[in-house]
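Take the position in the sequence shown, starting the count at 1, then add 3; the result is the number in this note's numbering. Where a beta carbon is used, it is the ideal one built from N, C-alpha and C, also for glycine.
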Amino acid sequence: MGERFRPPAGRYCDVVMKGGITSGVVYPKAICALADHYRFRNVGGTSAGAIAAAATAAAEYGRDRGGGGFETLAQLPDFLGGEGHLIGLFQPQASTRHLHGVLIASMVAKERGLRKKLAAARALAPYAAGLGLGALPGLLIAAMLALTGALSGSLGLLIGASVLAAVALLVFAPLGAVLGAGVMLARDLNLKVTENGFGLCSGMPTRPTRPGDAQALTPWLHETIETCAGHRDRPAGRPLTFGDLWCGPGQTLADIENDDDRQINLAMMTTNLVNRRAHQMPWEEGDWFFSPEEFSKLFPEDVVRHLVEHPRPPEGTESTRSLVGRGLAWRQGLRPLPEGKDLPILVAARMSLSFPVLLTAVPLWRFDYTWKENEARLEEWRAWGKELADAGRGGLLEHPGAWSVAQPPAEPAIFERCWFSDGGISSNFPVHFFDRLVPRRPTFAIDLRPFAFGREPSPVQAENVEMAHKNGDQIRDWWYRFPAPSPSRFGLADRRLAAFLGAAVKTMQNRADEAQMRVPGYRDRVAHVNLSQSEGGMNLNMKEQAIEDLTERGEAAADRLITAYDPEKWRGVTISWRNHRWTRFRSSLAVLEQMSTYFAAGVKDADYVAGERRLLDTAATYPLAEWQKELAEEEVRSIEALAAAAAAAVPRKTPPGMRFKAPKPPPVGRISPKE
Numbered sequence: 004m005g006e007r008f009r010p011p012a013g014r015y016c017d018v019v020m021k022g023g024i025t026s027g028v029v030y031p032k033a034i035c036a037l038a039d040h041y042r043f044r045n046v047g048g049t050s051a052g053a054i055a056a057a058a059t060a061a062a063e064y065g066r067d068r069g070g071g072g073f074e075t076l077a078q079l080p081d082f083l084g085g086e087g088h089l090i091g092l093f094q095p096q097a098s099t100r101h102l103h104g105v106l107i108a109s110m111v112a113k114e115r116g117l118r119k120k121l122a123a124a125r126a127l128a129p130y131a132a133g134l135g136l137g138a139l140p141g142l143l144i145a146a147m148l149a150l151t152g153a154l155s156g157s158l159g160l161l162i163g164a165s166v167l168a169a170v171a172l173l174v175f176a177p178l179g180a181v182l183g184a185g186v187m188l189a190r191d192l193n194l195k196v197t198e199n200g201f202g203l204c205s206g207m208p209t210r211p212t213r214p215g216d217a218q219a220l221t222p223w224l225h226e227t228i229e230t231c232a233g234h235r236d237r238p239a240g241r242p243l244t245f246g247d248l249w250c251g252p253g254q255t256l257a258d259i260e261n262d263d264d265r266q267i268n269l270a271m272m273t274t275n276l277v278n279r280r281a282h283q284m285p286w287e288e289g290d291w292f293f294s295p296e297e298f299s300k301l302f303p304e305d306v307v308r309h310l311v312e313h314p315r316p317p318e319g320t321e322s323t324r325s326l327v328g329r330g331l332a333w334r335q336g337l338r339p340l341p342e343g344k345d346l347p348i349l350v351a352a353r354m355s356l357s358f359p360v361l362l363t364a365v366p367l368w369r370f371d372y373t374w375k376e377n378e379a380r381l382e383e384w385r386a387w388g389k390e391l392a393d394a395g396r397g398g399l400l401e402h403p404g405a406w407s408v409a410q411p412p413a414e415p416a417i418f419e420r421c422w423f424s425d426g427g428i429s430s431n432f433p434v435h436f437f438d439r440l441v442p443r444r445p446t447f448a449i450d451l452r453p454f455a456f457g458r459e460p461s462p463v464q465a466e467n468v469e470m471a472h473k474n475g476d477q478i479r480d481w482w483y484r485f486p487a488p489s490p491s492r493f494g495l496a497d498r499r500l501a502a503f504l505g506a507a508v509k510t511m512q513n514r515a516d517e518a519q520m521r522v523p524g525y526r527d528r529v530a531h532v533n534l535s536q537s538e539g540g541m542n543l544n545m546k547e548q549a550i551e552d553l554t555e556r557g558e559a560a561a562d563r564l565i566t567a568y569d570p571e572k573w574r575g576v577t578i579s580w581r582n583h584r585w586t587r588f589r590s591s592l593a594v595l596e597q598m599s600t601y602f603a604a605g606v607k608d609a610d611y612v613a614g615e616r617r618l619l620d621t622a623a624t625y626p627l628a629e630w631q632k633e634l635a636e637e638e639v640r641s642i643e644a645l646a647a648a649a650a651a652a653v654p655r656k657t658p659p660g661m662r663f664k665a666p667k668p669p670p671v672g673r674i675s676p677k678e
């Protein structure tokens with residue numbers, strides 16, 4: 004690999020990448036620039052950013068294995084900039100081919116040139132019947148009016164009928180044609196996209212591939228990950244897993260006690276639309292199952308085989324209940340989803356980048372415990388499993404094919420399908436990944452956002468990138484303006500309502516991420532790449548020059564981060580690694596102080612005033628061992644002492660203690676569920 008990608012020993016960083024099609028162009032060379040100066044310990048991404056995150060983690064894994072992963076990563080923009088390569092990754096199924104053509108045509112139609120417009124118009128050919136049927140009433144009315152005028156023998160009636168016929172021909176017929184085609188489009192969207200897993204494309208090829216064929220998204224991403232990782236060093240046909248990343252060279256899973264022990268930690272977001280919650284992958288919940296038949300349509304054969312051959316083992320003390328659940332799944336054609344250590348990173352990446360409607364959602368299965376009938380059935384099966392175990396016949400539970408011998412309950416408990424879609428739906432820029440109160444290494448993030456109002460792209464790409472220079476920078480909210488009113492009298496070209504609805508969706512996606520970026524110790528480690536309207540969003544048809552410009556902006560963003568956080572050049576520079584650590588330290592003290600104050604006030608109730616023991620001894624659930632009670636007493640006294648010290652701070656200020664003149668906007672500490 005030469006001298007590139009050989010950072011100083013012991014220099015590590017974390018990196019988080021945002022969603023959006025543009026990320027596949029912006030991030031690769033930015034990551035390579037960072038890789039010259041840092042090794043990556045934690046890598047996170049969501050939506051399309053999961054592609055770059057998976058490739059980055061794989062390249063770090065292969066860095067010392069001669070895999071050439073970062074060289075492969077650096078070539079991605081050139082590949083995506085090739086004629087039709089980006090669009091070619093998204094190959095529709097036969098049932099959705101026409102809809103996919105309309106989507107691509109809508110992007111091409113925005114380009115200049117008659118040929119582009121005609122090519123876009125041809126995409127509507129499959130909906131010619133709708134166009135014709137919709138236009139037919141207007142054409143018939145026009146013909147009848149014209150005929151009536153011609154046969155009337157009156158010049159006045161002839162003129163009036165001709166005018167009305169022209170209106171029917173030029174207004175009602177086109178409107179009817181649009182309505183007819185729209186009805187056919189809506190029908191296809193509602194039926195064919197739904198039947199195809201709520202997407203136009205599965206990510207897999209639609210027919211057996213031949214030499215020279217364009218690769219579909221998932222096989223291409225699979226090959227990219229394996230190439231970056233130096234796959235020749237691992238067993239043939241075995242995909243790269245999260246456990247591979249965690250172990251790194253010379254370490255086994257037995258050596259890993261917590262996240263900090265992992266050599267490379269990869270995290271991605273996905274969104275569970277049925278339970279309406281976000282999930283950070285990989286997760287450790289053990290009640291998820293997959294259908295090999297469904298997954299064979301979404302993932303390469305070797306990946307599905309690996310999933311089937313590495314089921315999550317039964318869960319410890321609840322093994323009887325767990326085995327019953329696994330047996331019920333087996334009888335319904337389902338298999339346990341592997342543990343995080345055995346999960347291929349390709350599966351997590353695909354679940355994170357399931358762009359709604361463009362890519363099919365990924366189905367996983369679990370029990371619905373809120374359905375009373377299902378819950379009752381499951382209890383019957385659990386009781387049956389316990390009877391087998393108590394009678395010494397528990398071995399049958401591991402062989403679901405022999406259950407009929409043991410006369411199981413007649414009605415099986417039913418698994419329900421959960422649809423997992425794009426991680427960007429719930430968090431499009433998870434800048435909170437890998438967060439610590441006081442960081443041990445920088446966590447870099449590269450944001451993608453539109454230009455500020457009144458600004459245009461500069462030909463000098465570094466000028467299209469922004470980053471905080473001092474502590475007060477980037478503290479203000481970013482503005483996403485609605486378009487100006489349309490000058491058209493008819494209002495058909497007015498885009499304000501569409502912008503309002505789009506803003507509502509994007510606010511639901513990004514509200515937490517936008518707020519997080521303003522927090523002290525966060526905004527100073529984010530480089531912002533500004534995008535024009537033609538460069539962002541779901542633009543699958545970017546020109547070669549646009550891709551070159553975005554690639555250069557990504558490198559410029561990485562250079563800003565490298566320069567600011569260079570440990571040799573921190574003196575005299577406001578934004579620096581030491582300043583960052585100090586800001587987080589200062590801000591975290593204020594948060595911990597406030598939390599301790601609330602905690603101390605909460606425990607001083609009627610049950611507590613007589614002493615810690617009285618409160619601790621009343622626990623009816625989650626009992627404490629004696630040594631835990633002693634530890635709890637000591638911790639409570641320490642927290643009370645911290646709260647008292649803050650209250651007694653001199654000089655007395657409001658707010659007191661470390662909250663006085665703390666970095667703004669002040670963050671808060673709260674209990675929230677793990678994603």
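Residue i and residue j closer than 7 Å at C-beta
i: Gly427; j: Ser50; result: yes
i: Ala219; j: Met207; result: yes
i: Ile90; j: Leu381; result: no
i: Ala61; j: Cys231; result: yes
i: Ala168; j: Leu182; result: no
i: Arg329; j: Pro316; result: no
i: His313; j: Pro341; result: yes
i: Pro670; j: Val522; result: yes
i: Pro486; j: Ala502; result: yes
i: Asp345; j: Thr221; result: no
i: Glu678; j: Ala281; result: yes
i: Gly47; j: Ala364; result: no
i: Gly404; j: Val327; result: no
i: Ala38; j: Phe73; result: yes
Rounded distance between the beta-carbons of residue j and residue i, thought under 8 Å
i: Leu83; j: Gly163; result: Between Gly163 and Leu83 the Cβ distance is about 60 Å, and since that is not below 8 Å, they are no contact.
i: Gly672; j: Val594; result: 5 Å
i: Ala530; j: Val463; result: That pair is no contact at about 16 Å.
i: Ser579; j: Ala561; result: Going by Cβ atoms, the distance from Ser579 to Ala561 rounds to 17 Å, so no, they are not a contact pair.
i: Gln536; j: Asn431; result: The pair is not a contact, with the Cβ atoms about 18 Å apart (cut-off 8 Å).
i: Asn261; j: Asn45; result: Actually they do not touch by this definition, with Cβ atoms about 13 Å apart.
Boundaries (first-last residue) of the alpha helix (DSSP H) holding residue i
i: Arg587; result: Trp580 to Val606
i: His713; result: There is simply no residue 713 to check, as the chain begins at 4 and stops at 678 in what is shown.
i: Pro129; result: Where Pro129 is concerned, there is no enclosing alpha helix (DSSP H), given that its DSSP letter is neither H nor E.
i: Pro366; result: No alpha helix (DSSP H) contains Pro366, which is instead part of the beta strand (DSSP E) from Val365 to Phe370.
i: Met354; result: Ile348 to Ser355
i: Glu63; result: Gly52 to Tyr64
i: Gly380; result: The sequence given here has Arg at residue 380, not Gly. Element bounds for Arg380: Lys375 to Asp393.
Buried/exposed call for residue i, threshold 16 Cβ in 10 Å
i: Gln631; result: exposed
i: Trp291; result: buried
i: Glu466; result: exposed
i: Arg9; result: exposed
i: Tyr525; result: buried
i: Ala496; result: exposed
i: Asp264; result: exposed
i: Trp482; result: exposed
i: Gly5; result: Any reading at Gly5 must be qualified, since the residue scores a pLDDT of 46, below 50, and its modelled position is unreliable; the value itself is stated next. Exposed is the call here.
i: Pro411; result: buried
i: Ala609; result: Because the pLDDT of Ala609 is 48, which lies under 50, any placement of that residue in the model is unreliable, and the number read from its coordinates should be weighed accordingly. Flag for Ala609 reads exposed.
i: Val408; result: exposed
Unbroken beta strand (DSSP E) run spanning residue i, endpoints
i: Ser424; result: Phe418 to Ser424
i: Val408; result: Segment: none, Val408 is in no beta strand (DSSP E) and carries neither H nor E.
i: Val508; result: Run containing Val508: none in the beta strand (DSSP E); it sits in the alpha helix (DSSP H), Arg499 to Gln519.
i: Leu194; result: It is not in any beta strand (DSSP E) - Leu194 carries neither H nor E in the DSSP assignment.
i: Phe245; result: Element bounds for Phe245: not the beta strand (DSSP E) but the alpha helix (DSSP H), Phe245 to Cys250.
i: Val306; result: Val306 -> not in any beta strand (DSSP E); alpha helix (DSSP H) instead, spanning Glu304 to Glu312.
heavy atom of the ligand HEM below 6 Å from residue i C-beta
i: Val468; result: Among the components modelled here there is no ligand, and therefore nothing to report on the ligand HEM.
For the segment 250-263 against the segment 348-361, are there 3 or more C-beta pairs whose distance is under 8 Å? Taking 8 Å as the limit for Cβ pairs, the verdict is that the segment 348-361 does not touch the segment 250-263.
Indicate whether the contact test is met: 3 or more Cβ pairs, each with one atom in the segment 414-425 and one in the segment 25-45, closer than 8 Å. Contact between the segment 414-425 and the segment 25-45 is absent, because fewer than three Cβ pairs lie under 8 Å.
Do the segment 640-647 and the segment 583-602 meet, that is, are 3 or more Cβ pairs less than 8 Å apart? Verdict: yes, contact present.
Please determine if the segment 17-26 and the segment 430-441 are in contact, where contact requires at least 3 C-beta pairs separated by less than 8 Å. At 8 Å Cβ cutoff, the stretches touch.
So, does the segment 100-108 touch the segment 189-200, judging by three or more C-beta pairs under 8 Å? At 8 Å Cβ cutoff, the stretches touch.
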